[in-house]
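So the sequence shown is numbered by this note's numbering: it starts at 20 and just counts up by one.
Here the structure comes first, spelled out in structure tokens, and everything after it is commentary.
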Amino acid sequence: MKEYDLAFSLGSLCGVSQALRAAGLQYASYPLDWLGSRDIRRVTKVVAGNFDKWFEKEDFQLVDVWHSSGFDTRAYLNTRTDFGFSHEFPDFMPFDESFPRIRETYERRVARFLKRADSVRRVLAVFMEMPVMPRTPVEALAEVRRTLMERFPKAEIDLLYVGVEPGKKVPELAEVAPGVLTADYDYRKIVGGETLHYVEWGPLAALLRANFRVPDTRTEEEKLDFSRFEKTSADRRWGPDKSRFRRWLNKHLYKTYRSIEQVLIRRGLVEKDGPFWFWPEWREWKGAGK
20 MKEYDLAFSL GSLCGVSQAL RAAGLQYASY PLDWLGSRDI RRVTKVVAGN
70 FDKWFEKEDF QLVDVWHSSG FDTRAYLNTR TDFGFSHEFP DFMPFDESFP
120 RIRETYERRV ARFLKRADSV RRVLAVFMEM PVMPRTPVEA LAEVRRTLME
170 RFPKAEIDLL YVGVEPGKKV PELAEVAPGV LTADYDYRKI VGGETLHYVE
220 WGPLAALLRA NFRVPDTRTE EEKLDFSRFE KTSADRRWGP DKSRFRRWLN
270 KHLYKTYRSI EQVLIRRGLV EKDGPFWFWP EWREWKGAGK
């Protein structure tokens, strides 16, 4: 079993951070945990550039309004970085009102991540390819690792890349280049012939738990803060400090509203906010019915 001082998600899906947390390897929130991204090389450039100008208001473009795992959010694409934000911006709240609070949250996560990554010696970076995107070549993954090590010269960094292998249910570790590991399996969720945004991250969590370890060096105060964050984050879109019944009611009223809206959209009475998929390649793939 390998031991690291820090394990973090490079994206491209929130399932990576969920798997790291379930495996007991991640003890804080970092900037890339809940973002969508389609190119690990582009993500790495943002990290190597210290996240400079990666969260500017003018770069955010609305692409959809949708329901996701209990979150009713406006999904935005950052046109500078190509990152998709699908969990952060609440629906029924003006962008100008929500943006400053969300930017402050991400600035805090960036500062926390850079401080930690600059001070440790053993790091595991994990990236899960979007299930509809092409596989990244090994040579490109080796270059990604070199870029990360140049940015964090004190650390020895291992890169774990997870890609789709149709039909394979249990991932297996393989070292395909020095410090570059792969763990391929079929994590797609397919409903009605369409591959969903969500993925089956449970097998990845099991593999991480069996092969890697990150000691918990947090103070009791840090543990309490993180536990409080984990407990309350799922309820934020339904109203903080509301009763369980009130959150349940808000959730189902929203679903009813969205169902009515879909009828109006089909009848041409309401304009849809934007496409479900963030990028043109996704929309082309969906339209082709592949």
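We put the beta carbon where it would ideally sit given N, CA and C, even for glycine.
Residues in its own chain within less than 7 Å of residue i by CB, not counting five upstream and five downstream?
i: Tyr-23; result: Arg-141, Val-142, Leu-143, Phe-231, Val-233
i: Arg-135; result: Leu-25
i: Trp-298; result: Reliability of the predicted coordinates at Trp-298 is poor, the pLDDT of 49 falling under 50, and the value obtained from them is presented with this limitation in mind. Closer than 7 Å at the Cβ level, and outside the excluded window around Trp-298, lie Arg-57.
i: Asp-79; result: According to the sequence displayed, residue 79 carries Phe and not Asp. The answer, listed in chain order, is Tyr-95, Asn-97.
i: Tyr-217; result: Lys-208
Alpha carbon to alpha carbon, how far is residue i from residue j?
i: Pro-170; j: Ser-138; result: The sequence as given places Arg at residue 170; Pro does not occur at that position. Cα to Cα, Arg-170 sits roughly 12 Å from Ser-138.
i: Ser-88; j: Arg-127; result: For Ser-88, the pLDDT reaches just 43, beneath the cut-off of 50, and the residue's location in the model is therefore unreliable, although a value from the coordinates is still provided. The straight-line gap from Cα to Cα measures roughly 24 Å.
i: Trp-220; j: Lys-72; result: 31 Å
i: Arg-122; j: Arg-99; result: 15 Å
i: Gly-43; j: Phe-27; result: 12 Å
i: Thr-275; j: Pro-113; result: 21 Å
i: Met-147; j: Val-181; result: 5 Å
i: His-271; j: Pro-109; result: 16 Å
i: Glu-240; j: Phe-248; result: 12 Å
i: Val-65; j: Trp-267; result: 38 Å
i: Val-183; j: Ala-159; result: 17 Å
Using 7 Å as the threshold, is the C-beta distance between residue i and residue j below it?
i: Ile-279; j: Val-163; result: no
i: Phe-70; j: Val-129; result: yes
i: Ala-94; j: Val-82; result: yes
i: Ala-38; j: Leu-223; result: yes
i: Glu-106; j: Thr-124; result: Reading off the sequence, residue 106 comes out as His, not Glu. In this structure, Thr-124 does not lie closer than 7 Å to His-106 by Cβ.
i: Val-150; j: Arg-207; result: The identity of residue 150 in the sequence shown is Pro, whereas the question assumes Val. Yes, they are a contact pair.
i: Ala-202; j: Leu-226; result: yes
i: Phe-118; j: Ser-56; result: no
i: Ala-196; j: Val-157; result: yes
i: Pro-50; j: Phe-104; result: no
Quick one, which of the options has its alpha-carbon nearest residue i's?
i: Asp-235; options: Phe-102, Arg-40, Phe-70; result: Arg-40
i: Arg-61; options: Lys-76, Phe-108, Thr-166; result: Thr-166
i: Pro-185; options: Leu-192, Tyr-204, Ile-176; result: Tyr-204
i: Thr-63; options: Gly-103, Lys-187, Val-218, Ser-31; result: Ser-31
i: Pro-190; options: Gly-198, Ala-196, Ala-229, Val-282; result: Ala-229
i: Gln-45; options: Thr-155, Gly-212, Arg-237, Glu-213; result: Arg-237
i: Ala-161; options: Leu-268, Arg-286, Leu-200, Asp-244; result: Leu-200
Within a Cβ cutoff of 6 Å, which residues of the same chain sit near residue i, ignoring the five residues on either side of it in sequence?
i: Cys-33; result: Trp-53
i: Ser-36; result: Ser-28, Asp-52
i: Lys-21; result: Phe-231
i: Thr-155; result: Ile-59
Please list, in chain order, all residues of the same chain as residue i whose beta carbon is under 8 Å from its beta carbon, the five residues on each side excluded.
i: Glu-175; result: Arg-140, Arg-141, Val-142, Met-168, Gly-198
i: Glu-75; result: Arg-99
i: Lys-188; result: Tyr-204, Asp-205, Pro-222
i: Ser-246; result: none
Any chance the CB of residue i is under 6 Å from a heavy atom of the ligand SAH?
i: Ile-176; result: Absence of the ligand SAH is noted for the structure shown, with no ligands found whatsoever.
Step through the CB atoms of chain B and report whether any lies within less than 7 Å of the CB of residue i.
i: Leu-268; result: This model lacks chain B altogether; it includes just one protein chain.
Self-check item: Segments assigned alpha helix (DSSP H), at least 4 residues, entirely inside the region 162–240
Solution: 221–230
Quiz item: Along the chain, which unbroken stretches of the alpha helix (DSSP H) at least 4 residues long are found entirely within the region 49–115?
Solution: 59–67
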